[in-house]
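Add 79 to a position in the sequence shown, counting from 1, and you land on the number used in my numbering. Ideal Cβ positions, reconstructed from N, Cα and C, are used throughout, including at glycine. Given the structure is predicted, the values throughout are model-derived calculations rather than measurements. The structure under discussion appears below in the form of structure tokens.
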Amino acid sequence: MTVVGPEGVFRLRIALLSTLERNPEGGLVRPAFRTYAGAMVVERQLDLALKMGCTQIACFVDSVEREVIELQRRAQDAGIKFVHVREPARLFSLVGEEDELLVMASGVLPDFDAAEASLKRQGVLALPADIAVPLGYERIDLEFAWSGVMLIPGKLIKTLGNLPDDVDAPSALMRLALQTGTRVVPLDRALIEDQEWHIDPDPSALAAREKKWIDAQREPVSFAAPGLAVAEYAGARLARDVVGRGAERSATIAAGLFALMAVGFGGYFAPALGLAFASASALFARMGRVVERVAQLGKPEAKPSLLHRVLDWGLDPVIVFLLYLGSPEEYGPLRGFVPITLIGLLRLSEKFGSEKWYSTFGDRILLCLLLAGAAFGGISLEVSAALALIVLVSRFFAPFRDK
């Protein structure tokens with residue numbers, strides 16, 4: 080991000096990260112390389128830097144390891160410059176005096192929203208010392224400990240050059256920032272109490288926070304749409320197993336296969352069987368959307384995959400086709416008219432329906448199960464007509480949602 084300073088000078092916002100071990104006895108895996116929600120902690124720091132508008136990344140490393148290469152690739156995929164740094168002197172040519180420097184200590188995993196909201200301008204984020212220092216946060220004074228995140232002026236880099244090369248650069252910059260009058264921004268102690276902010280977290284702490292965060296990615300679907308509610312819960316559970324393991328698209332691919340089976344089995348054997356497969360397709364498609372939301376943590380510009388978009392619009396024609404096949408030929412044009420009317424009304428009601436009921440109109444999992452039972456009993460067209468009438472009548476009594 081390019082910002083304009085008080086004097087009208089253009090400056091860059093640069094992120095300074097570190098993969099160096101703060102505690103040499105911390106374990107076999109460095110805290111910066113431990114995984115959270117399918118990515119390393121340092122990759123999550125990179126995601127926060129991108130969210131806060133950083134256009135360059137400088138990262139302290141011992142050597143260019145596999146994890147560092149993955150981090151660099153993640154930065155380059157986002158279209159920003161990534162530089163390995165082994166000595167503080169390397170920063171002199173990267174950071175200008177008018178630039179801003181977003182500094183994150185090695186192993187810190189902040190809460191994105193709290194960090195972004197607290198750093199609207201330059202400052203050192205601090206946590207209450209009584210609760211933070213025992214957990215490994217660096218003490219600032221009797222009252223506060225450094226949270227591991229700060230936004231400071233780039234001119235401090237020049238002062239860093241007067242210190243030994245083996246100095247812990249993030250910690251030293253924090254001290255320099257305080258000495259030059261950079262403000263201290265207190266954070267809520269609940270961030271630690273609720274395990275929303277960590278430094279050097281162990282795998283169990285990360286797993287507990289990951290579960291809590293993934294569960295929070297579920298859309299608040301009420302059981303007025305029971306199929307979608309179940310799918311949101313199942314998708315969150317699946318995300319904990321597949322995100323970061325190369326299987327993020329498994330549920331979406333399964334949804335596509337079930338949609339094909341719905342057409343094939345419904346057309347060749349029985350429409351009731353096809354509608355049952357269509358219900359399974361809708362279930363796995365929704366689960367895949369939950370997994371995708373989790374996998375896209377820190378990527379606000381990411382769009383739904385092409386397969387998701389195809390399934391969102393492609394399943395309704397499959398339902399119409401299966402209802403058409405399941406209707407007696409003597410009904411003539413009604414065999415196609417009633418299913419199309421039902422799906423059209425559901426689409427309109429989902430788009431403009433009230434907050435309380437719009438998810439019900441979009442619950443294709445429940446719809447297909449109801450229609451599968453009706454098709455098995457040979458009354459799929461009659462049930463479709465009844466459902467269309469119910470949806471139509473409901474629009475006269477429920478308020479429209481303001482889109």
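Paired residues, beta bridge with residue i - DSSP
i    : result
A334 : A334 pairs with nothing; no bridge assigned.
T114 : M119
S97  : F139
W392 : DSSP output for W392 lists no bridge partner at all.
M229 : V182 and V203
I210 : Answer is none; I210 lacks a bridge partner.
Contact set for residue i: own chain, Cβ-Cβ below 8 Å, skip 5 residues either direction
i    : result
P350 : L401, L402, L404, G405, A454 and S459
E195 : L127, K130 and M131
E408 : R414
G423 : none
S384 : R328, T331 and E371
Under 9 Å between C-beta atoms of residue i and residue j
i    : j    : result
E371 : T331 : yes
V389 : P418 : no
G240 : G175 : no
M119 : E149 : yes
A326 : L362 : no
Q124 : V162 : no
L206 : L270 : yes
L394 : A357 : yes
L99  : D141 : yes
I278 : G202 : no
A137 : L96  : yes
Y115 : P280 : yes
L266 : S185 : no
G367 : A341 : no
G457 : L386 : no
T259 : L242 : no
A154 : K160 : yes
L446 : L468 : no
Residues near residue i by beta carbon distance below 7 Å, same chain, minus five either side
i    : result
Q296 : A315, V369, R372 and V373
V300 : L307, A308, E311 and S438
G464 : Checking the sequence, you will find Ala at residue 464 rather than Gly. Around A464: V417.
L466 : L421
A211 : A224 and I271
L252 : V182, I231, L235 and L239
Distance, residue j Cα to residue i Cα
i    : j    : result
R218 : W225 : 6 Å
M229 : V321 : 33 Å
V246 : D294 : 40 Å
V533 : L255 : Shown here, the chain extends from 80 to 482; a query on residue 533 therefore has no answer.
P213 : A318 : 33 Å
P412 : R365 : 33 Å
E86  : R200 : Below a pLDDT of 50, predicted positions are generally treated as unreliable, and E86, at 43, falls in that range; the measurement from the model is reported next regardless. Cα to Cα, E86 sits roughly 16 Å from R200.
L450 : F112 : 50 Å
W292 : L285 : 10 Å
R152 : V164 : 16 Å
Integer-rounded CB distance, given that residue j should sit under 8 Å from residue i
i    : j    : result
V397 : A338 : 6 Å
I93  : L180 : 6 Å
E275 : D190 : 4 Å
I231 : V187 : Wrong, their Cβ atoms sit about 15 Å apart, outside the cutoff.
L470 : S428 : In the sequence on display, residue 470 carries Val and not Leu. So it is a contact: roughly 6 Å between Cβ atoms.
G117 : G323 : 3 Å
Sequence-distant residues of its chain with Cβ nearer than 6 Å to residue i (five each side left out)
i    : result
P379 : Reliability fails at P379, whose pLDDT of 49 lies under 50, so the model's placement of it is uncertain and no value is given.
K482 : Confidence at K482 is low in this model, with a pLDDT of 47, below 50, so its placement is unreliable and no value can be given for it.
K237 : none
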